[in-house]
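Visitor:
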Amino acid sequence: MHLQSLDDVLVLLEEGNLSRAAARRNITQPAFSRRIRGFEDWLGVEVLDRHTNRVDISQALISNEGEIRALIARLRELRTKIGRYDATRTTLAIAAQHAATCSTFPDMALRARAALPGVQFRLRAGNLNDCVTMFLRGDTSMLLCYEAESVGPLQFGPDILRGVWGNDYLIPVVGGALRYRVRDKGRVDADTPTIVYPEDSYFGKVLHNSRRPFGVPGSDGSSCTVTAFSSGVRELILAGLGIGWLPFSMVHQEVQSGALISLANAYGKEPLQVAVYADSRAMTARELMDVWTQSV
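Going by numbering that gives the first Met the number 0, the sequence shown runs without a break in its numbering and finishes at 295.
#1: Can you give me the start and stop residues for the beta strand (DSSP E) that residue 118 sits inside?
#2: Would you identify the three-state DSSP class for residue 138, choosing helix, strand or coil?
#3: Tell me, which residues are paired with residue 244 by DSSP?
#4: Expressed to the nearest angstrom, what Euclidean distance is found between the alpha-carbon atoms of residue 47 and residue 54?
#5: Which first and last residues belong to the beta strand (DSSP E) in which residue 79 is found?
#6: For residue 36, which residues in the same chain have their Cβ closer than 6 Å to its Cβ, ignoring the five residues on either side in sequence?
#7: Out of 151, 146, 271, 203, state which residue places its alpha-carbon closest to the alpha-carbon of residue 167.
#8: Can you give me the Cβ contacts of residue 128 inside the same chain, cut-off strictly under 7 Å, excluding the 5 residues immediately before and after it?
#9: Of all the options 232, 137, 17, 25, which has the alpha carbon lying nearest to the alpha carbon of residue 193?
#10: Do residue 278 and residue 134 have their beta-carbon atoms positioned less than 9 Å apart in this structure?
#11: Have a look at residue 260 and residue 101 and give me their C-alpha separation to the nearest angstrom.
#12: Which same chain residues, not among the five before or five after residue 141, have their C-beta less than 6 Å away from its C-beta?
#13: Taking residue 147 as the reference, which of 241, 202, 31 has the closest Cα?
#14: Taking the beta carbon of residue 15 as the centre, do at least 16 other beta carbons fall within 10 Å, making it buried, or is it exposed?
#15: For residue 4 and residue 18, I'd like the C-alpha separation in whole angstroms.
#16: Below 9 Å between beta carbons: does that hold for residue 265 and residue 174?
What follows is the structure, encoded as structure tokens:
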């Protein structure tokens, strides 16, 4: 099977129609139909339901569109790697939680390049569930994420190594004009606006399980803005739109400069670990685990 066959199938899924798909591929409909028939012969399963007056795309093919896209991306990446292979350079794909991408990965990249000068990174940021999916699907060889005791570590099979880069913690911070509403003991009024995480996000679960104030929607009576992206939370807090929780490593410079005020003394802080997972079958991933962590 050629990569062209997968491209044909993807265009067919996007267009939902043989004629339009053939036009996009700049061939006649009969020729395009023969290509799809060739794909079916290779697959051993028909992906088109052929009726007298119409042709429908099978639900089995439609439901696997995401896998087809991922396979095409991996095949093209493999072709590029082989075509541009350089024994002195290695590219490693890492699925990284949005917050970890902003807060800890820059330091990790500096240490990695000092120890392994030829390493290059392909960073794929997302929420934790998406990152786990990419990692398990084989799109990446490593996973970088936050973990909290109140939620617990991720569970993988014996081929997956786990290590800890270091410790961090979520702290409540306030910025902008709201800094002037902080009272002597580091508390704010109950009606202070909040920037919160959805309850189904990782930080939302952490704060909900620990019963932290103004961590998730409905935790108090104040008005709130809800977003799952910690980098967005940071910008909203800096603008003075609300109080919210962020990893200390993401905001330590702003706290030091006074752009943000930490309210951890009044409301506490939530311990986190920066966890790294690696596929033990990937040599570069194993080497980076030795550079970054003490495996546990």
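Using N, Cα and C, we set each Cβ at its ideal position, and we do this for glycine too.
Guide: This is what the structure holds:
#1: 118-125
#2: If DSSP states are grouped into helix, strand and coil, residue 138 belongs with coil.
#3: Answer is 171.
#4: 7 Å
#5: First-last for residue 79: 64-82, but that is the alpha helix (DSSP H), not the beta strand (DSSP E).
#6: none
#7: 271
#8: Excluding positions up to five away in sequence, the list is empty.
#9: 232
#10: yes
#11: Computed Cα separation, rounded: 20 Å.
#12: Excluding the 5 residues flanking it on each side, residue 141 has same chain C-beta neighbours closer than 6 Å at 93, 277, 284, in chain order.
#13: 202
#14: exposed
#15: Answer to the nearest angstrom: the Cα atoms are 16 Å apart.
#16: no
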